[in-house]
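Residues in the sequence shown are numbered from -14 upward in steps of one, following my numbering. Glycine residues also receive a C-beta, built at the ideal position from the N, C-alpha and C atoms. Source: prediction; values computed, not measured. Quick notes on the structure that follows.
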Amino acid sequence: MNPDTARLKALHNRHSGATAVLVANGPSLNQMDLSFLQSQITIGLNKIYLGFTAFRFYPKYYVVVNRLVIEQAAAAIRAMNCIKFVSRRSVDLVPENAMTYHIDTLQPQKRFCRDIATQGVHEGWTVTYAALQIAFFLGFSRVVIVGMDHRYQFDGQPNEIRRMEGPDPNHFDGSYFGGGQKWDNPDLERSEESYRLARQVYQDDGRQILDATVDGACNVFEKVDYRALFQKASKS
-14 MNPDTARLKA
-4 LHNRHSGATA
6 VLVANGPSLN
16 QMDLSFLQSQ
26 ITIGLNKIYL
36 GFTAFRFYPK
46 YYVVVNRLVI
56 EQAAAAIRAM
66 NCIKFVSRRS
76 VDLVPENAMT
86 YHIDTLQPQK
96 RFCRDIATQG
106 VHEGWTVTYA
116 ALQIAFFLGF
126 SRVVIVGMDH
136 RYQFDGQPNE
146 IRRMEGPDPN
156 HFDGSYFGGG
166 QKWDNPDLER
176 SEESYRLARQ
186 VYQDDGRQIL
196 DATVDGACNV
206 FEKVDYRALF
216 QKASKS
C-alpha cells in the first residue's frame, strides 16, 4: 500500500467548489499579464519555477511525474515551498517531507483516477492530465488552464527521447530543455484522448475545465479569455 495514502486522503475535497488555475509551461505565458495569479489558487507544472521571478507568482500546488524532468530539476523541486505531488518512481531524487506527496504513476487503477490516494494517477502522456486528476481529487469545481499551447517543434517520433540542442522553442524559457538536455517528444494525439476523457469526467460530476491559453492549439476544452474571466471575478 502507498504509505502516503492516509496523508493524501486528508487532502480530499479540501477545495470543494473552488476554482484552480492550472499553469502549464507554453511560450504563451510570456504574452500574458499573470498578475491575476496572485489572488488565485494555482497549480504549477514541471519547470514552472523558471518563471517565478518574471511572472511574479508562486503556486500553492505543484505536479511533476516525468522522470527526465525530475532528474534535471530535482534540486529546484526539493527547494520549492509549496505542496508537491511527485511520481513515486522518483523517491530517490525527491524524498518525502511535510510538503511532498508521492503518487503512484506506475500502476494506476483507472484511465482517469478520481481518488489519487488509492488509485494513483494516470500520466496520460502529459503532466497536465495528471494535474487534472489531482485537481479533481482536491475538489475543485472549475479548473482554468493557461499556458497549454499544445504545439511543438521536434524531430523524431512521439514519445521518443531526444536531446534538444540550442534554446527550447516550446516552453516559456529557452533554457527549459535547451542546451543539450534530454526530453520526451510530445504525443499530441494521445494527450487529446486524455483531455477528452478528463472533460467528460468533470462534466459528469457537474464540474468544468476551461482553456484560457492565449492562442492555444488544443480544441478539447471550452475557450475563454483570461482577462474577461478574472476581471469579472475580481469585480464580483
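Cβ neighbours of D200 within its own chain (closer than 7 Å, five residues either side excluded): S13. If only complete runs of 3 or more residues are kept, the region 107 to 151 shows the beta strand (DSSP E) at 127 to 131 and 146 to 149, in order along the chain.
The continuous alpha helix (DSSP H) containing Q188 extends over residues L173 to D189. Cβ-Cβ separation between I194 and L117: approximately 7 Å, consistent with a contact (criterion under 8 Å). Exclusion of the five residues before and after R(-8) leaves Y86 as the residues of its chain whose Cβ lies within less than 7 Å of its Cβ. Residue pairing by DSSP places K32 in no beta bridge whatsoever.
DSSP places N82 within a strand segment (E or B) once states are collapsed to three.
Under DSSP, the beta-bridge partners assigned to A5 are I26 and V128. About 4 Å separates the beta carbon of L22 from that of F42, a gap short enough to meet the 8 Å contact definition. Shortest Cα-Cα distance from A61 to any of N31, F40 and K45 involves N31. CA-to-CA, the gap between V128 and H107 works out to about 18 Å.
According to the DSSP assignment, Q92 belongs to no alpha helix (DSSP H), since it is labelled neither H nor E. Within a 10 Å sphere around the beta-carbon of N204 sit fewer than 16 other beta-carbons, which makes this residue exposed. For F21, no alpha helix (DSSP H) encloses it, and the DSSP letter there is neither H nor E. By the Cβ criterion, the region 45 to 54 is in contact with the region 162 to 172, since at least three pairs of Cβ atoms, one from each stretch, lie closer than 8 Å. Taken atom to atom, the span from the alpha-carbon of T90 to that of H135 is near 23 Å. Annotation note: the region 41 to 70 contains the following uninterrupted beta strand (DSSP E) runs of length 3 or greater, listed N- to C-terminal: 46 to 49. With a beta-carbon spacing of about 6 Å, N10 and G132 fall inside the 8 Å limit used to define contacts. The distance from the Cβ of R192 to that of S126 is about 5 Å, consistent with a contact at the 8 Å cut-off.
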